[in-house]
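See structure below.
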Amino acid sequence: MSARLRLFLLPAVLLTQPAAAQLSEAPREAPQPMIVAGLAEDQVEVKVNYAGARIVLFATAPADQSGSSGLAVALIGPSAPAEVIRRKPTGGEERFEFVTAPAVFAIGAEPQVAGTIPPDVMIQAGLNAAASAMPKADKLDSADLDMWRAAFVDLKMSQGLYSFDTTTIERLDGGLRRAKIKLPANAPPGEYKVRAVAFRNGHTVGMTEKTLTLVRGGLDATLFDLSRQHGFIYGFLAVLLGSIVGGIAAWIGRR
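The numbering of the sequence shown is the working numbering, which starts it at 878 and goes up by one.
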């Protein structure tokens, strides 16, 4: 059973303000795109039969006749330590630890953004999945850091937790944009960031971010809380249930 969550981006004031006027007035720059977010719901409940949710986001910004402006959106989180293990050709394992990295990273961008925005601008906007994996301080200058980050992203993509082609952005009448972000069915509970960034001429001109909470519900929540808060009882019930199921199976087998 899938859930639907709608996020609404409404017009707001500029995130950057023009420089203060000098004694001799300088030409004023044209207004930049405006962007602000609001969540229709700030919590999604994960149940046993959870099959993923589709987050729908609406955004609007001033029209740009040159066509050089665009929007990118991302669902990021929750952050936690991570480790990548690589088997050496000569035998043995090599490990690389990340102090923190998002468990989920789903991003989508309009074509003019995806094809023209430099990687360093995407990193500064917090929209680069590999750069979001932070190593220990003594590994920041490691020559193999990019390789380990790429391996981490590949691993997350194989698990269905990172995606770069499941988010779509549509342009509607009146300059309105509609973005659909797929939340993976195996997304872990926790705090997520819903980030929207506006670009123009290869630069970031507006950014907004809201928090989304994913929580367990139903039987899944009961079992999870029991395992964390009452480990002995959870273990006893697990053994008891296993014994009962095994006994019933043996009885059926004898018949």
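Just so you know, even glycine gets a beta-carbon here, dropped at the ideal spot from N, CA and C.
Take the alpha-carbon of residue 1064 and the one of residue 1091: they are about 9 Å apart. Considering only 1012, 1026, 1000, 1060, the residue with the shortest C-alpha distance to residue 1045 is 1060. Assigned with DSSP and collapsed to three states, residue 1029 falls in helix. Under the DSSP assignment, residue 979 falls outside any alpha helix (DSSP H), being part of the beta strand (DSSP E) whose first and last residues are 970-986.
Assignment of beta-bridge partners to residue 1087 by DSSP yields 1071. DSSP places residue 996 outside any beta strand (DSSP E); the residue lies instead in the alpha helix (DSSP H), whose first and last residues are 996-1001. In this structure residue 937 is buried. Its beta-carbon is surrounded by 16 or more other beta-carbon atoms within 10 angstroms.
Taking all protein chains in view, the Cβ of residue 987 is crowded by 16 or more other Cβ atoms within 10 Å, so the residue is classified as buried. With respect to residue 963, residue 1028 sits close: the two C-beta atoms are nearer than 8 Å. Taking the C-beta atoms as reference points, residue 978 is found nearer than 8 Å to residue 1010. Looking at the DSSP output, residue 1081 bridges to 1076.
Beta bridge pairing from DSSP links residue 1037 with no other residue. Within the same chain, and ignoring the five residues on either side of residue 983 in sequence, the residues whose Cβ sits closer than 6 Å to its Cβ are 952, 1040, 1044, 1058.
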